[in-house]
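Counting in this note's numbering, the sequence shown runs from 1 upward without gaps. Every residue, glycine too, gets a C-beta built ideally from N, C-alpha and C. All of these numbers come straight from a predicted model, not from anything done at the bench. To start, the structure under review is shown below, and the notes come after it.
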Amino acid sequence: MILAIVAIVVGLVLLVWSADRFVDGAVGVAQFLGMSTFLIGMIIVGFGTSAPEIVVSILSAMNNSPQLALGNAYGSNIANIALILGVTALIIPVVVKKQAMVRDIPILMAMTALTVVLLMDGNVSFVDGVVLLLAFVAVTTFNILAELHENL
């Protein structure tokens, strides 16, 4: 029992340390490339922190448990928005630029609406998956191009 507690504590310490190094590295990449930390956070940090969810979703789909993949996706989003953003706001105020309100919030709402529409039949099909992946590529491309345009 003591060994398990020590392992959890050591794991959490290493997680915090490595997350700090990861964020510092992402900020360094953003500065080196002349891009905003928001865009780098969305792409590099977003992919890096979503990798475990992607693996779980793929494995659950391969094991004929697609409900786990869907629950994983929703749970991850709820935790990221409510838990992580909430805890961050408890520590320090989160400054939201007007750009996020004008550009990013409508995109978030549109992606949510698209997901609701695709789920209305109670099934996430292959075609639905293709639509969601294309929407993801479109939003990511849009954000990269918008960021490059703003930095010109």
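Item checked: Residue range of the unbroken alpha helix (DSSP H) whose run includes Met-154 -> Absent from the structure is residue 154, since the part of the chain shown begins at 1 and ends at 152.
Notebook entry, point to check: How big is the Cα-Cα spacing for Tyr-74 and Ile-44?
Noted result: Using only the alpha carbons, I get a separation of about 21 Å.
Notebook entry, point to check: If you compare alpha carbons, which of Gln-31, Ile-5, Ile-40 and Ala-26 is closest to Ile-144?
Noted result: Checking every option, the nearest Cα to that of Ile-144 belongs to Ile-40.
Check: Any chance the stretch 112 to 123 sits against the stretch 3 to 22, with 3 or more Cβ pairs inside 8 Å?
Finding: Touching, no, given that fewer than three Cβ pairs across the two stretches are closer than 8 Å.
Next item on the list: Report whether the distance from the Cβ of Pro-52 to the nearest heavy atom of the ligand COA is below 7 Å.
Entry: Summarising the ligand content, the structure contains no ligands, and the ligand COA is consequently not present.
Notebook entry, point to check: Is Pro-93 helix, strand or coil by DSSP?
Noted result: It is coil, neither helix nor strand.
Notebook entry, point to check: Excluding sequence positions up to five away, which residues of its chain have a Cβ less than 8 Å from the Cβ of Pro-66?
Noted result: Within the same chain, Pro-66 has close Cβ partners Ser-60 and Val-124.
Item checked: Val-139 and Ile-107 closer than 8 Å at C-beta -> Pairing Val-139 with Ile-107 gives a Cβ-Cβ distance under 8 Å.
Margin query: Buried or exposed for Asn-72, going by 16 or more other Cβ atoms inside 10 Å?
Written below: By the 10 Å Cβ count, Asn-72 comes out buried.
Check: If Val-95 sits next to Thr-88, beta carbons under 8 Å apart, how far is it from one beta carbon to the other, in whole angstroms?
Finding: Contact between Val-95 and Thr-88 does not hold, since their C-beta atoms are separated by about 11 Å, which reaches or exceeds 8 Å.
Item checked: Spatial distance of Ile-54 from Phe-47 (CA atoms) -> Taking the CA atoms as reference points, Ile-54 sits about 9 Å from Phe-47.
Next item on the list: Measure the Cβ-Cβ separation of Ala-135 and Met-109 and say whether it is below 8 Å.
Entry: In this structure, Met-109 does not lie closer than 8 Å to Ala-135 by Cβ.
Check: Would you call Ser-57 buried or exposed, if buried means 16 or more other Cβ atoms sit within 10 Å of its Cβ?
Finding: By the beta-carbon neighbour count (other beta carbons within 10 angstroms, threshold 16), Ser-57 is buried.
Notebook entry, point to check: Alpha carbon to alpha carbon, how far is Phe-170 from Thr-115?
Noted result: An answer regarding residue 170 cannot be provided, because it is not within the stretch 1 to 152 covered by the chain.
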